[in-house]
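There are 2 protein chains.
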Amino acid sequence: MKKAVVLLSGGLDSTTCLAMAKAAGFDPVCLAIDYGQRHAVELERARKVALAMGARDFRVVPIDLRSVGGSALTADIAVPKDRPETEMSHGIPVTYVPARNLLFLSLALGLAEVVGAYDIYIGVNAVDYSGYPDCRPQFIEAFAALAGLATKAGVEGQRFQVHAPLSGMTKAQIIQEGTRLGVNYGMTHSCYDPDAKGRACGRCDSCLLRKKGFQEARVPDPTPYTEGA
Amino acid sequence: MKKAVVLLSGGLDSTTCLAMAKAAGFDPVCLAIDYGQRHAVELERARKVALAMGARDFRVVPIDLRSVGGSALTADIAVPKDRPETEMSHGIPVTYVPARNLLFLSLALGLAEVVGAYDIYIGVNAVDYSGYPDCRPQFIEAFAALAGLATKAGVEGQRFQVHAPLSGMTKAQIIQEGTRLGVNYGMTHSCYDPDAKGRACGRCDSCLLRKKGFQEARVPDPTPYTEGA
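And the structure:
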């Protein structure tokens, strides 16, 4: 079985992505990034998800982005709540972490080189992407081209493939596909601002998109929200 | 004055690069990466260099690459010593850190976005590059193109420039240029395997290239090597 590095946050998207990588016949090496995010519960969920889904390897790279700042997820900026969707879909939100996916893909590429994988999975999607520039397909394509120039393996003639299978799927379609593949969404976490016990707030952009996705997919939402359920 | 993010390791190359960014009229925001390298003395030197050269800002991003491994600088692999130059110039050495410059540039880009800089300086050079693929000019060019796609600033129409002014210069030329700009090379650190007091070993590839550079530049080498001086 060919290995693939799967970026895993423990959220709905990346967990579905892991299930899709397995369904495509890859042996997944999961990579979680501990980037000083407020929602550290993510990492715990990521580890549980990787274990439950039989990943061969789960690695965490700690990186402290607080000295860079600039995002509601890593600096002292409030996470917006109860935003109507019309507002969510305009502009780039304060939860944008500067160059985050570029950074994550760079780390995934380094790990791919070390473990001998030439495939990387990232659960970005451009439909419900909430305004992040580094979720767009043209970014993913440009990164794959750069990967060949950046690495020892690339110089030696290997080609890297960056899979973003959720690209173009709505949240509802992602949930339907994951459900078909047997994903237990009760294990996943999406909230930007969970309480001390890790329970989802139900009101940030991420919770709102998640709820709407389950409604549209006509799949019961297993998430215990503290508010706005 | 326009700001520029300067990747600074406290080594000979990046310190010269900082001097060149200043000479080009930029207000430097220095970024050092604490990536679990064996030679942690680098960071202390980087801070001193930034201070001595009047940088407005010095930031450190800690990232632990030990869970990725794969390099003599971050894993338990021996640093090679006393290699003849013919051997050094062939193949990619064990001191290669997978996708390191891609990772560093990604972090620099994120910081650039936060501080409102559109110029990034990186002290790579392709002549004495010791075989690292991510020091080649074609890599740097491809990264600059990707930067526009990866960021909020890029989406909003800003263009990022990645300056690699040492590209194409020999170590001797770098030392001559830095000397002309008043760099105190006694503050800089190059060794891959320093002793507990931070003194250079004099025998790793980096020390050997440094020594040769000073000889060829006909500039006295201020480095107190423990061996092979």
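For the protein sequence lines, the chains are A and B, in the order given. Add 839 to a position in the first sequence, counting from 1, and you land on the number used in my numbering. Add 839 to a position in the second sequence, counting from 1, and you land on the number used in my numbering. Note that CB positions come from ideal geometry on N, CA and C, so glycine has one too. Only a predicted model underlies this, so the values are computations on that prediction, with no experimental measurement involved.
Check	Outcome
State yes or no: is the C-beta of Gly1052 of chain A within less than 8 Å of the C-beta of Ala1011 of chain A?	yes
Helix, strand or coil for Gln1015 of chain B? Go by DSSP, reduced to three states.	helix
When DSSP labels each residue in this structure, what does Ala874 of chain B get in the three-state scheme?	Note on identity: in this sequence residue 874 of chain B is Tyr, with Ala being the wrong assignment. DSSP places Tyr874 of chain B in coil when its eight states are reduced to three.
I need the straight-line Cα distance from Thr990 of chain A to Ala1056 of chain B, nearest angstrom please.	31 Å
Can you name the start and end residues of the beta strand (DSSP E) that Ala992 of chain A belongs to?	That residue, Ala992 of chain A, is in no beta strand (DSSP E); its alpha helix (DSSP H) goes 991 to 994.
Compare the beta carbon distance of Val1092 of chain B and Asp873 of chain B with 8 Å and say whether it is the shorter of the two.	This structure leaves residue 1092 of chain B out entirely; chain B is present only between 840 and 1068.
Which residues bound the beta strand (DSSP E) around Val963 of chain B?	Element bounds for Val963 of chain B: n/a, residue is neither H nor E.
Can Met892 of chain B and Ala858 of chain B be called in contact, C-beta distance under 8 Å?	yes
Whether or not the segment 971 to 978 of chain B and the segment 972 to 988 of chain A are in contact is what I'm after, with contact meaning three or more pairs of Cβ atoms, one per stretch, closer than 8 Å; do they touch?	yes
As a quick exercise: from A:Tyr960, A:Val994, A:Tyr1064, pick the residue whose alpha carbon is nearest that of His1028 of chain A.	A:Tyr1064
For Arg1038 of chain A, name the three-state secondary structure that DSSP assigns.	coil
Quick one, which residues of the segment 1031 to 1053 of chain B are near chain A if we go by CB-CB under 7 Å, in chain order?	none
Taking Asn964 of chain A as the reference, give the member of A:Ala983, A:Tyr1024, A:Thr855, A:Cys1046 with the closest Cα.	A:Thr855
Run the CB neighbour count on Leu942 of chain A, radius 10 Å, all protein chains shown included, and call it buried at 16 or more, exposed below.	buried
On a CA-only basis, which of B:Asp1032, B:Gly1021, B:Glu952 is nearest Arg998 of chain B? Give me that one, please.	B:Glu952
So, is Glu881 of chain A buried or exposed, given that buried needs 16 or more other C-beta atoms within 10 angstroms?	buried
Quick check: Arg884 of chain A and Gly849 of chain A, are their CB atoms within less than 8 Å of each other?	yes
Against chain B, with Cβ distances strictly below 8 Å, would Phe978 of chain A count as a contact?	yes
Between Ala983 of chain A and chain B, is there a C-beta pair that is closer than 8 Å?	no
In the DSSP assignment, the alpha helix (DSSP H) including Leu1047 of chain A goes from what residue to what residue?	1044 to 1056
Using a C-beta cutoff of 8 Å, does Arg898 of chain B count as contacting chain A?	yes
DSSP has Leu846 of chain A in a bridge; who is on the other side?	A:Leu870
Run the CB neighbour count on Arg1049 of chain B, radius 10 Å, all protein chains shown included, and call it buried at 16 or more, exposed below.	buried
To which residues of the same chain is Gln1015 of chain B closer than 6 Å at the C-beta, ignoring the five residues directly before and after it?	Ala1056
Measure the Cβ-Cβ separation of Ala843 of chain B and Asp958 of chain B and say whether it is below 8 Å.	yes
Please confirm whether Thr810 of chain A has its beta-carbon closer than 8 Å to some beta-carbon of chain B.	There is no way to answer for residue 810 of chain A, as the model of chain A reaches only from 840 to 1068.
Kindly indicate which three-state DSSP category Arg898 of chain A falls into: helix, strand or coil?	strand
If you draw a straight line from the alpha carbon of Val868 of chain A to that of Pro1033 of chain A, how long is it in whole angstroms?	27 Å
Tell me which same chain residues have a C-beta within less than 8 Å of the C-beta of Val954 of chain B, skipping the five on either side of it?	Lys842, Val844, Val868, Asp896
Can you say whether Met1008 of chain A is buried or exposed, counting buried as having 16 or more other CB atoms within 10 angstroms of its CB?	buried
Could you check if Gly996 of chain A is buried or exposed, using at least 16 other CB atoms within 10 Å of its CB as the buried criterion?	exposed
With a threshold of 6 Å on Cβ separation, who are the neighbours of Val1058 of chain A within its own chain once the five nearest residues in sequence on each side are excluded?	Ile1014, Thr1018
Please tell me whether Tyr1024 of chain B and Ser1045 of chain B are closer than 8 Å, where the distance is taken between their beta carbons.	no
For Gln997 of chain A, which of helix, strand or coil comes out of DSSP?	coil
Counting contacts by CB-CB distance shorter than 8 Å, is Asp903 of chain B in contact with chain A?	yes
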